[in-house]
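Peer 1:
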Amino acid sequence: MDAALRGEAVDRPPVSIWRHFPNQDQSAADLAAVTRAWQESYALDFIKLMPPGDYATIDWGAESEYQGAAGGTRETTKYPIETAEDWRRIAPVPVDAGFNAEVVRACALVREAVGPDVPVVQTIFSP
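As C-alpha coordinates, then:
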(Lines of atoms letter the chains of each structure in order from A and count residues from 1; the text may use other names and numbers.)
(Lines give C-alpha, C1' and ligand atoms only; values in the text may rest on other atoms or scores of the structure.)
Protein backbone atom coordinates (compact mmCIF):
# COMPACT_ATOMS: atom_id res chain seq x y z
CA MET A 1 0.00 0.00 0.00
CA ASP A 2 2.77 2.44 0.91
CA ALA A 3 4.59 1.81 -2.38
CA ALA A 4 1.41 2.47 -4.37
CA LEU A 5 0.81 5.72 -2.49
CA ARG A 6 4.37 6.80 -3.27
CA GLY A 7 3.79 6.05 -6.96
CA GLU A 8 6.27 3.18 -7.01
CA ALA A 9 5.89 -0.06 -8.95
CA VAL A 10 3.70 -2.64 -7.22
CA ASP A 11 2.88 -6.27 -7.98
CA ARG A 12 -0.84 -5.39 -8.05
CA PRO A 13 -2.97 -2.36 -7.28
CA PRO A 14 -4.25 -2.03 -3.70
CA VAL A 15 -7.73 -3.48 -3.35
CA SER A 16 -10.62 -2.86 -1.00
CA ILE A 17 -14.37 -3.35 -0.98
CA TRP A 18 -16.87 -2.05 1.49
CA ARG A 19 -20.50 -2.38 2.42
CA HIS A 20 -22.90 -1.43 5.17
CA PHE A 21 -23.51 -3.78 8.07
CA PRO A 22 -26.96 -2.60 9.22
CA ASN A 23 -27.32 -5.10 12.04
CA GLN A 24 -23.93 -4.25 13.56
CA ASP A 25 -23.50 -0.55 12.79
CA GLN A 26 -25.22 0.80 15.90
CA SER A 27 -22.43 -0.07 18.32
CA ALA A 28 -18.70 0.62 18.10
CA ALA A 29 -17.74 -2.86 19.29
CA ASP A 30 -20.06 -4.65 16.85
CA LEU A 31 -19.05 -2.47 13.90
CA ALA A 32 -15.36 -2.96 14.69
CA ALA A 33 -15.76 -6.74 14.95
CA VAL A 34 -17.65 -7.13 11.67
CA THR A 35 -15.26 -4.74 9.91
CA ARG A 36 -12.25 -6.73 11.05
CA ALA A 37 -13.87 -10.00 9.96
CA TRP A 38 -14.67 -8.46 6.55
CA GLN A 39 -11.08 -7.27 6.13
CA GLU A 40 -9.66 -10.65 7.10
CA SER A 41 -12.06 -12.57 4.84
CA TYR A 42 -10.89 -10.72 1.75
CA ALA A 43 -7.34 -9.68 2.74
CA LEU A 44 -8.21 -6.07 1.93
CA ASP A 45 -5.33 -3.65 1.54
CA PHE A 46 -7.22 -0.85 3.26
CA ILE A 47 -10.45 -0.51 5.22
CA LYS A 48 -13.22 1.97 4.60
CA LEU A 49 -15.15 2.05 7.85
CA MET A 50 -18.90 1.95 7.21
CA PRO A 51 -20.97 3.35 10.06
CA PRO A 52 -24.60 4.03 9.18
CA GLY A 53 -24.85 6.63 6.43
CA ASP A 54 -26.80 8.96 8.69
CA TYR A 55 -24.32 8.82 11.56
CA ALA A 56 -23.62 12.54 11.38
CA THR A 57 -27.29 13.42 11.94
CA ILE A 58 -28.20 11.03 14.75
CA ASP A 59 -27.06 13.32 17.56
CA TRP A 60 -29.39 16.03 16.22
CA GLY A 61 -32.36 13.68 16.50
CA ALA A 62 -32.50 11.80 13.21
CA GLU A 63 -33.63 8.20 13.50
CA SER A 64 -33.37 5.35 11.02
CA GLU A 65 -33.98 1.65 10.71
CA TYR A 66 -32.83 -1.11 8.44
CA GLN A 67 -35.73 -2.24 6.26
CA GLY A 68 -33.97 -4.87 4.14
CA ALA A 69 -32.23 -2.77 1.46
CA ALA A 70 -29.80 -4.94 -0.50
CA GLY A 71 -26.94 -2.50 0.07
CA GLY A 72 -27.52 -2.47 3.82
CA THR A 73 -28.53 1.16 3.94
CA ARG A 74 -30.94 2.37 6.57
CA GLU A 75 -34.16 4.33 5.96
CA THR A 76 -34.60 7.59 7.83
CA THR A 77 -37.74 7.38 9.94
CA LYS A 78 -37.47 10.69 11.79
CA TYR A 79 -35.96 13.93 10.56
CA PRO A 80 -34.81 16.56 13.05
CA ILE A 81 -35.82 19.37 10.68
CA GLU A 82 -39.45 19.34 9.61
CA THR A 83 -40.24 23.05 9.70
CA ALA A 84 -38.23 26.23 9.26
CA GLU A 85 -38.62 26.86 12.98
CA ASP A 86 -36.82 23.59 13.77
CA TRP A 87 -33.54 25.13 12.59
CA ARG A 88 -33.55 27.31 15.73
CA ARG A 89 -33.16 24.19 17.90
CA ILE A 90 -30.04 22.96 16.11
CA ALA A 91 -26.99 23.42 18.32
CA PRO A 92 -23.41 22.19 18.04
CA VAL A 93 -22.90 18.60 19.12
CA PRO A 94 -19.66 17.36 20.65
CA VAL A 95 -17.67 14.73 18.79
CA ASP A 96 -16.81 13.01 22.06
CA ALA A 97 -20.39 12.19 23.08
CA GLY A 98 -23.42 10.46 21.62
CA PHE A 99 -23.31 8.61 18.34
CA ASN A 100 -20.38 10.63 17.03
CA ALA A 101 -18.36 9.18 19.89
CA GLU A 102 -19.47 5.65 18.88
CA VAL A 103 -18.07 6.22 15.39
CA VAL A 104 -14.79 7.60 16.75
CA ARG A 105 -14.60 4.62 19.13
CA ALA A 106 -15.26 2.20 16.25
CA CYS A 107 -12.35 3.76 14.34
CA ALA A 108 -10.09 3.29 17.35
CA LEU A 109 -11.21 -0.32 17.85
CA VAL A 110 -10.61 -1.17 14.19
CA ARG A 111 -7.18 0.45 14.31
CA GLU A 112 -6.33 -1.55 17.44
CA ALA A 113 -7.59 -4.78 15.86
CA VAL A 114 -5.77 -4.54 12.52
CA GLY A 115 -2.60 -2.84 13.71
CA PRO A 116 -0.69 0.01 12.10
CA ASP A 117 -0.09 -1.56 8.67
CA VAL A 118 -3.64 -1.52 7.29
CA PRO A 119 -4.88 1.99 6.42
CA VAL A 120 -8.33 2.84 7.79
CA VAL A 121 -10.42 5.46 5.99
CA GLN A 122 -13.50 7.02 7.56
CA THR A 123 -16.06 8.94 5.53
CA ILE A 124 -16.63 12.44 6.81
CA PHE A 125 -19.63 14.02 5.13
CA SER A 126 -19.51 17.64 4.06
CA PRO A 127 -22.58 19.85 4.08
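Using my numbering, the letters of the sequence shown correspond one by one to residues 54 to 180. Glycine included, C-beta positions come from ideal geometry on N, C-alpha and C.
#1: Name the DSSP bridge partner or partners of residue 100?
#2: Can you tell me where the beta strand (DSSP E) with residue 127 in it begins and where it stops?
#3: Starting from residue 69, follow the beta strand (DSSP E) in both directions and report where the run begins and ends.
#4: Measure the alpha-carbon distance for residue 148 versus residue 156 and round it to whole angstroms.
#5: Out of curiosity, what's the CA-to-CA distance linking residue 139 and residue 57?
#6: Opposite residue 94 in the DSSP bridges: which residues?
#7: Whole-angstrom Cβ separation of residue 102 and residue 62, contact assumed at under 8 Å?
#8: For residue 153 versus residue 112, is the C-beta distance shorter than 7 Å?
#9: Roughly how far, in whole angstroms, is the beta-carbon of residue 109 from the beta-carbon of residue 162, given that I think they are within contact range, below 8 Å?
#10: In terms of alpha-carbon separation, which member of 99, 129, 122 lies closest to residue 169?
#11: With respect to the alpha helix (DSSP H) encompassing residue 116, which residues constitute its N-terminal and C-terminal limits?
Peer 2: Quick look at the numbers:
#1: Numbered from 1 along the sequence shown, position 47 holds the residue referred to as residue 100. DSSP, once it has assigned bridges, lists 173 as partnering residue 100.
#2: Counted from its first residue, the sequence shown places residue 127 at position 74. Per DSSP, residue 127 belongs to the beta strand (DSSP E) from 127-131.
#3: Position 16 of the sequence shown, counted from the start, is the residue given in the question as residue 69. Taken as a continuous stretch (DSSP letters only), residue 69 belongs to no beta strand (DSSP E), as it is neither H nor E.
#4: The count along the sequence shown starts at 1 and reaches residue 148 at position 95. The count along the sequence shown starts at 1 and reaches residue 156 at position 103. If you draw a straight line from the Cα of residue 148 to the Cα of residue 156, it comes to about 9 Å.
#5: The count along the sequence shown starts at 1 and reaches residue 139 at position 86. The count along the sequence shown starts at 1 and reaches residue 57 at position 4. Spanning the two alpha carbons is a distance of roughly 47 Å.
#6: Within the sequence shown, the letter at position 41 stands for residue 94. According to DSSP, residue 94 bridges with nothing at all.
#7: Counting from one through the sequence shown, the residue named residue 102 turns up at place 49. Counting from one through the sequence shown, the residue named residue 62 turns up at place 9. About 29 Å separates the two Cβ atoms, so there is no contact after all.
#8: Along the sequence shown, read from residue 1 onward, the residue named residue 153 stands at position 100. Along the sequence shown, read from residue 1 onward, the residue named residue 112 stands at position 59. Yes.
#9: Against the sequence shown, residue 109 aligns to sequence position 56. Against the sequence shown, residue 162 aligns to sequence position 109. Between residue 109 and residue 162, the beta carbon gap of about 19 Å keeps them out of contact (Cβ cut-off 8 Å).
#10: Position 116 of the sequence shown, counted from the start, is the residue given in the question as residue 169. When each option's Cα is compared against that of residue 169, the closest is 99.
#11: The residue you call residue 116 lines up with position 63 of the sequence shown. Note, residue 116: premise wrong, no alpha helix (DSSP H); beta strand (DSSP E) at 116-119.
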